[in-house]
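Data first, discussion second: the structure below is written as C-alpha cells.
Numbering (this note's numbering), first residue to last: 76 to 618.
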C-alpha cells in the first residue's frame, strides 16, 4: 500500500511541497526568491519575462522583418519540443484513467481494508487522519534518508523516533475511529518535524527518486507476498483437516470390526442394469463423497433409479464403506470399490503408472529442487500434491474398462453439489457415452498422449491437459447452467447462477471442507451434512 501512496506523491512533488498539519504560514521553497536566483544562474535557463537583454539590444540593429522571422522560428522550435511532452502527458493520463477503472473491479476484501480506490474513499474526509498519518510516515522515511546523506544526524534521529511513535499509534487501524486518543498529538508533532525537514532538505529530484525506489520496493514485496500466499493456499488445499482425518480413522476401525456378511450393500443386481442412471465418483474424501450422494438423492424425483459407483483407495476403503452402510442413500443403490483391486490397471498397460515407477519421475516429484523459502516453493508444491500422483485422478480415462457392461455413465468430482433444476468442457460433471468411447478408442488416445509426455514437455501434471487433448472435437456442449464452476476460487459468481445450476463445482483451492473456503459459498455444501451425526460430532466437525 505504501507503493500506491508513493505514486500519488510523485505527481505532487513537482507542484508543491508536502502538506503538513501545522498552523502558521510556510514559505514554499519552490516559489522563493532564492530558488529563482538559483535557476537564473544555470546556463540552460533563459528568463523570458525581462524586457531587455543583450540579445534584445543586438536585435534592435537588424531589420524588423528578420526579427519577426527569428521569433517565428523560435516559436516553431519550442512548439516541436512541447508537443511530444503534451502527447506523453495525454497518454499517461489515459493509462492512469484505465488503471483506475480496472481497479474498481478489485475485491477490497481480498486486497485488504485500506485502498485508495474503494468507494468509501471517494469522500476525502473519510478517515482523513489515518490517511494523513500514512502520508506523514512515507515522507518521514524519505527525509530521514536525505538527512543522513547530508550529515544532519540529529534531524535523522528525530525523524526515526517520530516515525516509530506514529507506527505505534497507527498500528493496524484502518479508520479514524480505531486510532488512540494520542494520535492527534502525534500527527501535530510529526507535521512540525516534517516542516522543519522540508525547510532544510527539500529537493524535488531527490524526493522523486526516493518515492520511485519505495514504489519499486513495495512492488517487489507484493510479488513476494503473492508467491507466499500461493504456496500457503496450495499447502492448505492438499492437507486433510483433522476432523475429516478423525472421521476416516474411526469409520475404518469400526468397518473392520464388522463380520463379512454385514459389509455388503443391498441391491447389487442394479450395478449393471443399463436402464438405470449410473454415476461414477472417484474420491478419497468420505465427507465430500457423502455430500455429492446426498445432494443428488435429495433432489431426485425417482431415487430408486439412481446407482452410485464409488471408487476410493486402500487407505479409505473401509471408511467409505462404513459411512454408507451406516447412512444408506435411501432407495438408491451404492457400491464401493478399491482402485488397488483393479489388477488390470498396472504399469504394463497404463503409461502413467509406468512413468511414476521411473527413477526420473520419482526424482522430479519427490527430491528435485527442494525450496528453501516459502516464495521459492510456491511453484513446486503443486507438483507434489498427492492427487496428481493418485490413480484415482487418472481412473476417469478408463471408464469403459471399469464399467464394461454399462453404455453410459455420469462422471462426478467429489467437490460438486447436484441440483436437478438446472457442461462446457471441464471435468467435474460429464456424461460419457461408453459405446462411442469404445468405438473411438478414447483410452488409446489418452495412452498415446501420455506416452508422448513421458518427459513432461507437453504438460507438467494433472488430468485436465490430457483430457482436453484426448477429447478434442469429441464433446458436445450443454447449457452453462448445467455446470457452474469456480466456487473454489472465484468470489464474483452471481447467486442467481448458483441457484439455477444443475451442478455447482468447487474447483480451485478453497474447497468447502477447508478453513480457507469462501464463506459465501460454503452453505450450499454444508446443508447436506448432518452435523448431529454421532461420528461427525465425535470428530468435532462443525459448520
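Glycine included, each C-beta is placed from N, C-alpha and C at the ideal position. Fair warning: this is a prediction, and the values are worked out from it, not measured in the lab.
Spatial distance of residue i from residue j (CA atoms)
i, j, result
"residue 272", "residue 278", "11 Å"
"residue 395", "residue 364", "8 Å"
"residue 599", "residue 353", "24 Å"
"residue 232", "residue 219", "8 Å"
"residue 150", "residue 280", "28 Å"
"residue 535", "residue 468", "15 Å"
"residue 556", "residue 577", "6 Å"
"residue 532", "residue 424", "22 Å"
"residue 479", "residue 304", "44 Å"
"residue 228", "residue 269", "15 Å"
"residue 401", "residue 548", "43 Å"
"residue 324", "residue 614", "10 Å"
"residue 330", "residue 586", "27 Å"
"residue 588", "residue 471", "23 Å"
"residue 485", "residue 508", "9 Å"
"residue 605", "residue 399", "14 Å"
"residue 244", "residue 202", "15 Å"
"residue 566", "residue 338", "42 Å"
"residue 407", "residue 378", "5 Å"
"residue 342", "residue 314", "35 Å"
"residue 263", "residue 301", "36 Å"
"residue 415", "residue 403", "24 Å"
"residue 602", "residue 618", "9 Å"
"residue 492", "residue 434", "39 Å"
"residue 255", "residue 327", "55 Å"
"residue 234", "residue 274", "14 Å"
"residue 225", "residue 276", "9 Å"
"residue 611", "residue 358", "19 Å"
"residue 367", "residue 579", "10 Å"
"residue 369", "residue 410", "15 Å"
"residue 265", "residue 289", "20 Å"
Helix, strand or coil at residue i [DSSP, three-state]
i, result
"residue 375", "coil"
"residue 551", "coil"
"residue 191", "Confidence at residue 191 is low in this model, with a pLDDT of 40, below 50, so its placement is unreliable and the value that follows should be read with caution. Coil, per DSSP."
"residue 408", "strand"
"residue 486", "strand"
"residue 492", "strand"
"residue 501", "coil"
"residue 392", "helix"
"residue 470", "helix"
"residue 356", "strand"
"residue 449", "Confidence in residue 449 is poor, its pLDDT being 45 and thus under 50, which makes the residue's placement unreliable; the coordinate value appears in the next sentence. Three-state result, residue 449: helix."
"residue 106", "Model confidence at residue 106 stands at a pLDDT of 33, short of 50, so the residue's coordinates are unreliable and nothing is read from them."
"residue 88", "Residue placement at residue 88 cannot be trusted, given a pLDDT of 35 that sits under 50; the coordinates are not used to answer."
"residue 320", "helix"
"residue 387", "strand"
"residue 579", "strand"
"residue 369", "helix"
"residue 608", "coil"
"residue 421", "coil"
"residue 345", "helix"
"residue 129", "The pLDDT assigned to residue 129 is 43, lower than 50, so where the model puts this residue is not dependable; a value taken from the coordinates is nonetheless given after this. Looking at residue 129 - three-state DSSP - the assignment turns out to be helix."
Selection from the options that minimises the alpha carbon distance to residue i
i, options, result
"residue 355", "370, 386, 326, 336", "386"
"residue 213", "287, 591, 502", "287"
"residue 417", "234, 525, 518, 466", "466"
"residue 426", "210, 580, 546, 529", "529"
"residue 489", "209, 216, 606, 371", "371"
"residue 350", "483, 518, 554", "483"
"residue 475", "347, 431, 435, 597", "347"
"residue 238", "612, 520, 210", "210"
"residue 538", "551, 554, 553, 518", "518"
"residue 581", "230, 559, 571, 575", "559"
"residue 554", "569, 436, 575, 540", "575"
"residue 204", "520, 216, 257", "257"
"residue 376", "360, 388, 405", "405"
"residue 322", "397, 285, 526, 374", "397"
"residue 284", "217, 143, 545, 320", "217"
"residue 221", "319, 282, 389, 487", "282"
Min CB distance residue i to chain D below 8 Å
i, result
"residue 293", "This model lacks chain D altogether; it includes just one protein chain."
Contact between the segment 247-254 and the segment 290-307 (3+ Cβ pairs under 8 Å)
Not touching, per the Cβ criterion.
What are the complete beta strand (DSSP E) segments, minimum 3 residues, inside the segment 504-576?
Counting only runs that start and end inside the segment 504-576, the beta strand (DSSP E) elements of at least 3 residues fall at 504-508.
Quick one: complete alpha helix (DSSP H) runs, 4+ long, within the segment 225-312?
The segment 225-312 contains these whole alpha helix (DSSP H) runs: 228-245, 258-276.
Examine the Cβ distances between the segment 502-519 and the segment 585-603 and report whether three or more of them are shorter than 8 Å.
Judged by pairs of C-beta atoms under 8 Å, the segment 502-519 does not touch the segment 585-603, as fewer than three such pairs exist.
When you compare the segment 509-521 with the segment 375-385, are there three or more beta-carbon pairs, one atom per stretch, that lie closer than 8 Å?
Segments in contact, no.
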